[in-house]
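Let me begin by presenting the structure, written as structure tokens, before commenting on it.
In our numbering, the protein residues as written are 2 to 263.
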């Protein structure tokens, strides 16, 4: 693996340091950051495989805790007040999370193999394939289930939603589910004839299951979308998976009921 990109870690530290200085973080957030750094050190060292395994286990526990906002010290401010983007939609509010993005940052810093670099042309083809497939299965499925309908819009808060969804949602989720889970399983199953396909399906299943709290419909649709994201990652790398996921979210937001019919 390439060397740890210390300049990126320094910029990340400066960013969270400024958040602390301006009162958007409490000192207790240092607990999460310190534990993540410790897990990263354990994963990067090569002397003791058991230590690497425990480092991954610690990261998995922290990832769940950060995603569910259980770790102390993070003041996730509300960026979009509760409102309806269309009259028949459920109410929506958006927060700028500072805890969940640490999952993606940790993966990019300590597991650079998740990127899965591919030639640009191949990544573009993979993105187009994944986006077409996920759009048909996920948005098409939502239309058939009566969860959304055609509702073109571009509200005043759209640009803020755009940046948040790309940098703090899509990048983090794809780094975790496609890069870490699917990529990691592919490495483990490389001796199997259809190991890559099995890794893709398992990662998509996990991605669907984490949406179970929103109902079986979202769990099913998320799992189907995950297949499209997984194909984009397999043939185009992490960038293609992020572009596919973000493209689907953008189509949903701009052209259909968001997040769903009331």
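From the three backbone atoms N, C-alpha and C, an ideal C-beta is built for every residue, glycine too.
Checklist entry - Residue ranges of each alpha helix (DSSP H) run of no fewer than 4 residues wholly in the stretch 39-70, ordered along the chain? => result 50-68
Next on the checklist: Looking at residue 213: is its Cβ nearer than 8 Å to the Cβ of residue 220?
Outcome noted: Residue 213 sits at position 212 when you count from the first residue of the chain shown. Residue 220 sits at position 219 when you count from the first residue of the chain shown. Yes. Within cutoff.
Item to check | Three-state class that DSSP yields for residue 149 in the structure shown | outcome: Position 148 of the chain shown, counting from 1, holds the residue named residue 149. Note: residue 149 maps to coil in three-state DSSP.
Checklist entry - Where do the ends of the alpha helix (DSSP H) carrying residue 245 lie? => result Stepping through the chain shown from its first residue, residue 245 is reached at position 244. For residue 245, the enclosing alpha helix (DSSP H) begins and ends at 239-256.
Checklist entry - Taking Cβ positions, are residue 226 and residue 249 nearer each other than 8 Å? => result Locating residue 226 in the chain shown gives position 225, where the first residue counts as 1. Locating residue 249 in the chain shown gives position 248, where the first residue counts as 1. Taking 8 Å as the Cβ cut-off, residue 226 and residue 249 qualify as a contacting pair.
Next on the checklist: When you compare the CB positions of residue 97 and residue 78, do they come within less than 8 Å of one another, or not?
Outcome noted: Looking up residue 97 in the chain shown gives position 96. Looking up residue 78 in the chain shown gives position 77. It is a contact, given that the beta carbons lie within the stated cut-off.
Checklist entry - Is residue 2 helix, strand or coil when you go by DSSP? => result Taking the first residue of the chain shown as 1, we reach residue 2 at position 1. Below a pLDDT of 50, predicted positions are generally treated as unreliable, and residue 2, at 49, falls in that range; the measurement from the model is reported next regardless. It is coil, neither helix nor strand.
Next on the checklist: Let me check you understand the geometry: is the CB of residue 139 closer than 7 Å to at least one non-hydrogen atom of the ligand HEM?
Outcome noted: No copy of the ligand HEM appears in this structure; indeed no ligand is present at all.
Checklist entry - Taking Cβ positions, are residue 25 and residue 99 nearer each other than 8 Å? => result By 1-based counting over the chain shown, the position of residue 25 is 24. By 1-based counting over the chain shown, the position of residue 99 is 98. Between residue 25 and residue 99, the C-beta spacing is below 8 Å.
Next on the checklist: My output table needs one value for residue 261: the three-state DSSP class, helix, strand or coil.
Outcome noted: The count along the chain shown starts at 1 and reaches residue 261 at position 260. It is coil, neither helix nor strand.
Checklist entry - In terms of residue numbering, what span does the beta strand (DSSP E) encompassing residue 96 cover? => result By 1-based counting over the chain shown, the position of residue 96 is 95. Its beta strand (DSSP E) spans residues 93-96.
Checklist entry - Taking the alpha carbon of residue 238 as the point to measure from, which residue in 215, 102, 115, 12 has its own alpha carbon closest? => result On the chain shown, residue 238 is found 237 positions in, with the first residue counted as 1. Per the Cα distances, 115.
Checklist entry - Which residues in the same chain as residue 66 place their Cβ atom closer than 6 Å to its Cβ, once the five residues preceding and following it in sequence are excluded? => result As a working mapping, residue 66 is identified with position 65 in the chain shown. If we look at residue 66 and ignore the five residues flanking it on each side, its Cβ neighbours are 72.
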